[in-house]
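In my numbering, the protein residues as written are 511 to 739.
Glycine residues also receive a C-beta, built at the ideal position from the N, C-alpha and C atoms.
Here the structure is a predicted model, which is why all the values come from computation and not from measurement.
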């Protein structure tokens with residue numbers, strides 16, 4: 511699954527990486543505030559196609575709300591969509607066929623079970639901090655003033671499986687055009703999870719467990735006993 515992630519890109523980096531125009535953020539500062547602990551129901555950056563077919567950067571609420579949802583709380587249960595059923599699920603099918611998006615991220619956290627103790631968090635990213643984006647879907651605003659989105663997950667590769675049996679579907683820049691292209695192309699992307707050798711991870715302190723905590727210390731490698739975190 512994916513329950514927390516990071517986005518430390520500046521506007522200039524995002525503009526170049528995702529091939530964005532200045533239309534939406536003509537007065538954007540050189541840097542957006544880096545975020546080290548993006549949590550469910552929060553608003554964060556997503557790239558989708560605008561009416562003109564160009565990629566646009568927007569801020570959406572994390573936790574997809576289908577049109578039949580009865581409350582905002584249902585979005586908290588729809589932060590992730592399984593790749594095995596996303597094209598057929600009642601909650602995600604329509605979005606899969608018509609509303610793909612890329613969720614801007616540069617790393618994420620997973621928690622590993624520890625015998626006789628609280629779970630240990632790990633930070634994961636592409637090796638050498640190479641760029642990627644989470645495969646996502648978005649939904650038109652419903653019960654909320656914001657459009658909403660979900661992150662697609664897949665079976666963990668060998669590296670991630672050491673801490674969790676699921677992982678977010680991480681798309682490298684070469685797959686981004688295909689993700690936006692067509693449902694058939696998206697189905698092909700679902701079958702290409704990031705190889706195990708392309709991911710690195712390390713244990714971090716348990717402060718990331720609270721969404722209130724922010725800052726680069728959250729992704730710093732753990733240097734002491736897990737009991738001291």
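Comparing C-alpha distances from residue 659 to each of 580, 614, 713 and 530 shows the shortest one belongs to 614.
The Cβ atoms of residue 644 and residue 606 do not sit closer than 9 Å to each other. Cβ neighbours of residue 639 within its own chain (closer than 6 Å, five residues either side excluded): none. Ranking 636, 668 and 692 by CA distance to the CA of residue 516 puts 636 first. Look at residue 610 here: in three-state DSSP terms it is strand.
The continuous alpha helix (DSSP H) containing residue 699 extends over residues 693 to 700.
Pairwise C-beta distances place the segment 696 to 705 in contact with the segment 670 to 680, as three or more of them are shorter than 8 Å. Of the other Cβ atoms in all chains shown, fewer than 16 fall within 10 Å of the Cβ of residue 721; this residue is therefore exposed.
Per DSSP, residue 704 is not a residue of any beta strand (DSSP E), being assigned neither H nor E.
Judged by DSSP in its simplified three-state form, residue 673 adopts coil rather than helix or strand.
Comparing alpha-carbon positions, the option among 545, 685 and 710 lying closest to residue 620 turns out to be 710. Put simply, the segment 573 to 589 touches the segment 549 to 558. At least three CB pairs are less than 8 Å apart.
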